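Down below is the structure, laid out as structure tokens.
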Amino acid sequence: MVRIYVVQTGGRVLKKKTSTQKVQNGEIIFNESVFINVSKSKIERCSIRLSIAETSQSDIRSIGHITIGPKTSGKEFGHFQRMLTSQDRPICMWHHIQPKNKII
Numbered sequence: 445m446v447r448i449y450v451v452q453t454g455g456r457v458l459k460k461k462t463s464t465q466k467v468q469n470g471e472i473i474f475n476e477s478v479f480i481n482v483s484k485s486k487i488e489r490c491s492i493r494l495s496i497a498e499t500s501q502s503d504i505r506s507i508g509h510i511t512i513g514p515k516t517s518g519k520e521f522g523h524f525q526r527m528l529t530s531q532d533r534p535i536c537m538w539h540h541i542q543p544k545n546k547i548i
């Protein structure tokens, strides 16, 4: 599953999560759109963190995360900029998952 957090200084603004995904050929496949309604003035000051976890009947194991927002760099910052300039359509982009212990 993927948990999506919209965060700004002072704490979390919004939280959503995807459905639990099935493993296919040893890989977890995430192919789900998530729409978040946040005003432009607020989203410009927020970061979006996607936390990826593997679930079983007995526990949830964190795999890693992706953060996009105004304080990120590279591809993640580019994705954030495209989201701000294209608010009327979804922006899809692949990202590398950061290990769960790496802070951006």
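Numbering-wise, my numbering comes out as the position in the sequence shown, counting from 1, plus 444.
Backbone N, C-alpha and C define an ideal beta-carbon position, used for all residues, glycine too.
Keep in mind it's a predicted model, so treat the numbers as computed, not measured.
With residue i as the anchor, note down where its alpha helix (DSSP H) starts and where it stops.
i, result
"residue 525", "518-529"
"residue 485", "484-487"
Please classify residue i as buried or exposed, where buried requires at least 16 neighbouring CB atoms within 10 angstroms.
i, result
"residue 454", "exposed"
Got a sec, what are the start and stop residues for the beta strand (DSSP E) residue i sits in?
i, result
"residue 535", "Careful: residue 535 lies outside any beta strand (DSSP E) and carries neither H nor E."
Could you compute how far the alpha carbon of residue i sits from the alpha carbon of residue j?
i, j, result
"residue 527", "residue 534", "8 Å"
"residue 503", "residue 477", "25 Å"
"residue 459", "residue 448", "6 Å"
"residue 456", "residue 480", "14 Å"
Are residue i and residue j close, meaning C-beta to C-beta below 8 Å?
i, j, result
"residue 461", "residue 451", "no"
"residue 506", "residue 517", "no"
Exercise for the section: Would you be able to state if there are at least three C-beta pairs under 8 Å between the stretch 505-517 and the stretch 485-492? Expected result: yes
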